[in-house]
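Trainee: First the structure, which I've put down as structure tokens, then a few questions once you've had a look.
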Amino acid sequence: MTTKHSQEQIVTGPLAEGQRWSAGRKREVVLRLLRGESVDALSRELSVEIYRLEQWRERALSGIDAALKERQGDPVQAELSQAMRRIGELAMENELLWERVRKPGPLAKRRSSK
Numbered sequence: 002m003t004t005k006h007s008q009e010q011i012v013t014g015p016l017a018e019g020q021r022w023s024a025g026r027k028r029e030v031v032l033r034l035l036r037g038e039s040v041d042a043l044s045r046e047l048s049v050e051i052y053r054l055e056q057w058r059e060r061a062l063s064g065i066d067a068a069l070k071e072r073q074g075d076p077v078q079a080e081l082s083q084a085m086r087r088i089g090e091l092a093m094e095n096e097l098l099w100e101r102v103r104k105p106g107p108l109a110k111r112r113s114s115k
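2 is the number of the first residue of the sequence shown in the working numbering; add one for each residue after it.
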């Protein structure tokens, strides 16, 4: 079976000796499982253990869950990001001022002449 996904051609079937399962090939197998194909039949066709196919499916589903839990435009996260940027700016300004104070000149610390 040959499928196309984002301009890369992925062939599902048993791997040649020494070949590894790419993320794209695993995705295609998981999609076949989610479409209802039998795990036993896929295991035989692909020469992959059933437990491994089920593992791939579970990892894919947990990835989907994690992606759906992410919040888009979370106001708390936006406020935190803005505060962190401001802290970074202030820290940089503080560092520049300390460098300026350490140099001789009008803003330098004055040593007592005693």
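From the three backbone atoms N, C-alpha and C, an ideal C-beta is built for every residue, glycine too.
Exposed or buried, which one is L54 when buried takes at least 16 other CB atoms within 10 Å?
Mentor: If you number the sequence shown from 1, residue 54 lands on position 53. When all chains shown are included, L54 counts as buried.
Trainee: What is the DSSP secondary structure of V49, reduced to helix, strand or coil?
Mentor: Your numbering for residue 49 matches position 48 in the sequence shown. Correct three-state label for V49: coil.
Trainee: Determine the extent of the alpha helix (DSSP H) in which L16 is found, giving its start and end residues.
Mentor: Here residue 16 corresponds to residue number 15 of the sequence shown, with the count starting at 1. Careful: L16 lies outside any alpha helix (DSSP H) and carries neither H nor E.
Trainee: Is V30 near A61, with beta carbons less than 7 Å apart?
Mentor: Position 29 of the sequence shown, counted from the start, is the residue given in the question as residue 30. Position 60 of the sequence shown, counted from the start, is the residue given in the question as residue 61. In this structure, A61 does not lie closer than 7 Å to V30 by Cβ.
Trainee: What number of angstroms, rounded off, separates the C-alpha of P117 from the C-alpha of R58?
Mentor: Given a span of 2 to 115 for the chain in the structure shown, any question on residue 117 remains unanswerable.
Trainee: Quick check: the Cα distance between R36 and R26, rounded to an integer number of angstroms?
Mentor: Along the sequence shown, read from residue 1 onward, the residue named residue 36 stands at position 35. Along the sequence shown, read from residue 1 onward, the residue named residue 26 stands at position 25. Going by the C-alpha atoms only, they are around 15 Å apart.
Trainee: Answer with buried or exposed for R21, where buried requires no fewer than 16 other C-beta atoms within 10 angstroms of its C-beta.
Mentor: Here residue 21 is taken as the residue at index 20 of the sequence shown, counted from 1. Per the 10 Å Cβ criterion, exposed.
Trainee: For R33, count neighbouring Cβ atoms within 10 angstroms of its own Cβ and tell me buried if that reaches 16, exposed if not.
Mentor: Start at 1 with the first residue of the sequence shown, and residue 33 comes out as number 32. Its Cβ being crowded by 16 or more others within 10 Å, R33 is buried.
Trainee: Quick one: give me the first and last residue of the alpha helix (DSSP H) that P105 is part of.
Mentor: Residue mapping note: residue 105 aligns to position 104 of the sequence shown, counting from 1. Looking at the DSSP string, P105 is not in any alpha helix (DSSP H), and its letter there is neither H nor E.
Trainee: Alpha carbon to alpha carbon, how far is E18 from A79? Give it in angstroms, no decimals.
Mentor: As a working note, residue 79 is residue 78 in the sequence shown. As a working note, residue 18 is residue 17 in the sequence shown. So the alpha carbons of these two residues sit roughly 50 Å apart.
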